[in-house]
Amino acid sequence: MVAPIYVLFAVFLIVPTIAGFYYALTDFSARRERTFVWFDNFGTIFQDRTFWIAMRNTVYIVVAVVPSSLVVSLAIAAVVTRRSATLRSFVRGSFYLPVTLSAVTLSLTWSYIFHPTVGVANYLLSLLGIEPVTWLGDARFALLSIIIILFTTHLGVPVVLYSAALGGVPETYYEAARLDGASSLQQFVHVSVPMIRPTTLYLLVTSTIGTFQVFVYVRLLTGGGPGNATQTLAYYLYERAFVYGDFGLASAVGVVLFAVVLLIAAAQLRLTRSDIEY
Amino acid sequence: MDRRQIATAKRAFAWAPLALVVVAALASLAPVYWMLMNSFQPNTATRTSPPAFYPTQFTLENFTYLFGETPVLRWLGNSLFVSLVSASFVVYLSALAAFPLAKRRLPGARLLFWIALVFMVVPREVYLVPLFIEMRNLHLTDNLWGLILPAVAWPFGVFLMRQFISTVPSELFEAAQIDGASSVRMFHQILLPVVKPAVGALAVFAFVHSWNDYIWQLIMISSPNKRTLPLGVATLSEELFTNYGYVLAAASFGALPLLVIFVFFQRFFTSGLTVGAVKG
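Protein chains in written order, with my numbering: chain R, 1 to 278; chain H, 1001 to 1280.
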């Protein structure tokens, strides 16, 4: 009974993953035959300035989006946790809608919002007396624009999960804290936050992995530009493989991305686990 | 300030966080509203400054153009085919595998489950290129089955079903066991009816997952008539970018199937996410 799906896993996940590590060690392009070259591809990408820009931008995006979206989501979940079911479901649904809609749809909508002359983003800025900005076409603002979009699409999952986790904290814990004279803020910090730590850990790891792979908005809104202002690892890999046809090099980028994600996830697990004993 | 003013200020302060959250929730819906609203506006109205925040005119011209001049309906059909077929296989095959993993004594069950977990976090960039080469060798590029098969190999399905099936009491199967029923029969006659909520949740997730797999569709599909709806809408927008009425109508049409799913199956998203995370 386990065979059918695990055969599919083998063919479409396990074998390609192993092949990915092998391809990373080969000179393999759309035009040339495959030859084994050891670590040449890694040497090439580590000397490529664009690769490091992509790495830096990806890290910026992760650092800007992941912690802020988790904190804001937790605050939102905490505010609505004891409100009516209708309100809770409205708030959860509002933040979850952008998660469901395809990134393609949202890209087109945001390209309109960020339009330099007719976009509503610049109109709102003008109300504050700020000069219009060429959001996606200006190297100073393009990455920020992508970060803003990603932030808005990264609240849905944590809001849903934090709501569920906060709802699962036994009321008696809060009662005990109140007897000790804890204010509602103290209850939140000393009861809620530790109790929902497993959820935080899960979100931290999955959200970091997901954000590391940001692709659609870059591809549809900026193409990695202007210059390389919004170049990211996933987009860099896509360009190497499917625009320039350099499969070996692209596989090496994939291996590096995998290693970085693995390191970060391991560090997060370790950091958050060290003081979890209750 | 007298006492009454202080009380009023206090009450306002207590309501401030909730008001803020409601405003943020509305802001989160705003882009979708903006897209839908402007898709029913003539192109000229989408370019006025300052923009109108409510519909000033109403036209179906953008959609008439979309249905008359572009193959969006064909693309919709392609996407529906890919997502419905892959979601059905994901649900059935994942549940079929998860049952023995959770409930039957199966040698290597831990290893198998562990494999599913590992591949849930392996970033797909690692195997993107080799998988593409593999599909090319199998002559499945530019073929809708080339989108379906990798979408079925989705370890999250096994994970979610196993977590859910673990919560089903084992006593349910004891009587059938004594009668000598096979695992496959127990699966169809006893298990499937009780795990309907998980089946619903997984079906919705799998559908959305394959629908939104833009990078894979982009790499695999080259013929215009084989495009999926997101892929078609994205290429269309590159040609129509000067006419925001058309672009937003295309975006809205591309969003429609997912909007429908969202409105009708919202509870599945919540339940599926929670089972996946809290027990993991």
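A virtual CB, placed ideally from N, CA and C, is assigned to each residue, including glycine.
Where residue i meets chain H, residues with beta-carbon distance less than 7 Å
i: Tyr96 (chain R); result: Phe1269
i: Thr308 (chain R); result: Residue 308 (chain R) cannot be examined here, being either before or after the span of chain R that is shown, 1 to 278.
i: Tyr23 (chain R); result: Val1129 and Pro1130
i: Phe90 (chain R); result: Ala1025
Contacts that residue i makes with chain H (C-beta to C-beta distance below 9 Å)
i: Phe258 (chain R); result: Val1122, Pro1123, Glu1125 and Val1126
i: Gly20 (chain R); result: Glu1125, Val1126, Tyr1127, Leu1128, Val1129, Pro1130 and Leu1131
i: Leu204 (chain R); result: Those within 9 Å of Leu204 (chain R) in chain H number zero; the least Cβ separation is about 12 Å.
i: Phe247 (chain R); result: Val1129, Pro1130, Phe1132 and Ile1133
Under 9 Å by beta carbon: chain R residues contacting residue i
i: Asn1062 (chain H); result: Result: empty, since nearest Cβ-Cβ is about 13 Å, beyond 9 Å.
i: Phe1119 (chain H); result: Phe9, Leu13, Ile14 and Thr17
i: Ala1009 (chain H); result: Those do not exist, as Ala1009 (chain H) stays about 18 Å from chain R at its closest Cβ, beyond 9 Å.
i: Thr1056 (chain H); result: Near Thr1056 (chain H) there are no residues of chain R at all, since even the closest Cβ is about 14 Å away, more than 9 Å.
i: Leu1149 (chain H); result: Leu8, Val11 and Phe12
i: Pro1051 (chain H); result: Val118, Gly119, Val120 and Tyr123
Residue span of the alpha helix (DSSP H) that contains residue i, given as start and end
i: Thr1235 (chain H); result: Leu1229 to Leu1240
i: Lys1196 (chain H); result: Lys1196 to Trp1211
i: Trp1154 (chain H); result: Neither: Trp1154 (chain H) is in no alpha helix (DSSP H) and is coded neither H nor E.
i: Ala103 (chain R); result: Ala103 to Ile113
i: Ser1222 (chain H); result: Per DSSP, Ser1222 (chain H) belongs to no alpha helix (DSSP H) and is neither H nor E.
i: Phe282 (chain R); result: Since the displayed chain R opens at 1 and closes at 278, residue 282 (chain R) lies outside it and no answer follows.
i: Met55 (chain R); result: Arg49 to Val80
i: Tyr1033 (chain H); result: Arg1003 to Ser1039
i: Ile45 (chain R); result: Asp40 to Phe46
i: Thr152 (chain R); result: Ala142 to Thr153
i: Phe28 (chain R); result: Per DSSP, Phe28 (chain R) belongs to no alpha helix (DSSP H) and is neither H nor E.
i: Ala121 (chain R); result: Val120 to Leu127
Own chain partners of residue i with C-beta closer than 8 Å, once the 5 adjacent residues on each side are dropped
i: Pro1055 (chain H); result: Met1037, Phe1040 and Gln1041
i: Thr208 (chain R); result: Val62, Val66, Val261, Ile264, Ala265 and Gln268
i: Gln187 (chain R); result: Tyr174, Ala177 and Arg178
i: Thr1228 (chain H); result: Trp1075, Asn1078, Ser1079, Val1082, Leu1147, Trp1211, Gln1217 and Ile1221
Residue i classed as buried or exposed, judged by whether at least 16 other C-beta atoms fall within 10 angstroms
i: Arg49 (chain R); result: exposed
i: Asp1213 (chain H); result: buried
i: Ile1178 (chain H); result: exposed
i: Trp1114 (chain H); result: exposed
i: Gly1254 (chain H); result: buried
i: Glu277 (chain R); result: Note on Glu277 (chain R): pLDDT 43, under 50, position unreliable in the model; no value is reported.
i: Gln213 (chain R); result: buried
i: Ser1252 (chain H); result: buried
i: Arg1011 (chain H); result: exposed
i: Tyr1033 (chain H); result: exposed
i: Glu1174 (chain H); result: exposed
i: Gly1180 (chain H); result: exposed
i: Asn1225 (chain H); result: exposed
i: Trp38 (chain R); result: exposed
Contact list for residue i against chain R, beta-carbon separation under 7 Å
i: Asn1212 (chain H); result: Ser102 and Ala103
i: Ser1183 (chain H); result: Met1
i: Gln1266 (chain H); result: Gly93
i: Arg1047 (chain H); result: Val118
i: Phe1081 (chain H); result: Going along chain R, no residue has its Cβ under 7 Å from Phe1081 (chain H), so there is no contact; the nearest lies around 17 Å.
i: Ala1234 (chain H); result: Val104 and Leu220
i: Gly1180 (chain H); result: Those within 7 Å of Gly1180 (chain H) in chain R number zero; the least Cβ separation is about 17 Å.
i: Gly1254 (chain H); result: Ser102, Val104 and Thr105
i: Phe1207 (chain H); result: In chain order: nothing, as chain R lies at least about 10 Å away.
i: Phe1262 (chain H); result: Leu97 and Thr100
Partners in chain H for residue i, counting only beta-carbon separations shorter than 8 Å
i: Trp110 (chain R); result: Pro1031
i: Phe212 (chain R); result: Pro1123
i: Val157 (chain R); result: Leu1273
i: Gly254 (chain R); result: Pro1123, Glu1125, Val1126, Tyr1127, Leu1128 and Val1129
Neighbour list for residue i in chain R, Cβ cutoff strictly below 8 Å
i: Trp1034 (chain H); result: Thr109, Tyr112, Ile113 and Val120
i: Ala1102 (chain H); result: Near Ala1102 (chain H) there are no residues of chain R at all, since even the closest Cβ is about 11 Å away, more than 8 Å.
i: Tyr1244 (chain H); result: Tyr112, His115 and Val118
i: Leu1096 (chain H); result: Met1, Val2, Pro4 and Ile5
i: Leu1112 (chain H); result: Val2 and Tyr6
Sequence-distant residues of the same chain with beta carbon closer than 7 Å to residue i, five excluded per side
i: Thr42 (chain R); result: With the sequence shown as reference, residue 42 (chain R) is identified as Phe, and Thr is not the correct amino acid for it. Once the five neighbours on either side are set aside, the close Cβ partners of Phe42 (chain R) are Ala252.
i: Tyr162 (chain R); result: Ser73, Leu74, Ala77, Ile196 and Thr199
i: Trp1154 (chain H); result: Val1090, Ala1206 and His1209
i: Leu87 (chain R); result: Val80
i: Met55 (chain R); result: Leu233
i: Ser1094 (chain H); result: Gly1157, Val1158, Met1161 and Leu1202
Spatial neighbours of residue i in its chain, beta-carbon cut-off 6 Å, leaving aside the 5 residues before and after
i: Leu1248 (chain H); result: Met1035, Asn1038 and Ser1039
i: Ile146 (chain R); result: Tyr217 and Thr230
i: Lys1279 (chain H); result: Any answer about Lys1279 (chain H) is weak, because its pLDDT of 45 lies below 50 and its placement is not dependable; what the coordinates show is given next. Correct list, in chain order: Gln1163.
i: Ala1109 (chain H); result: Leu1101
_alpha helix (DSSP H) segments (min. 4 residues) lying fully within the segment 207 to 247 of chain R_ = 233 to 238
*Residue ranges of each alpha helix (DSSP H) run of no fewer than 4 residues wholly in the segment 1101 to 1159 of chain H, ordered along the chain?*
1109 to 1121, 1125 to 1137 and 1145 to 1152
*asked:* Tell me which residues of the segment 1066 to 1093 of chain H have at least one Cβ-Cβ distance to chain B shorter than 8 Å, keeping chain order.
replied: Within the model displayed, chain B is absent; protein chains R and H are what it includes.
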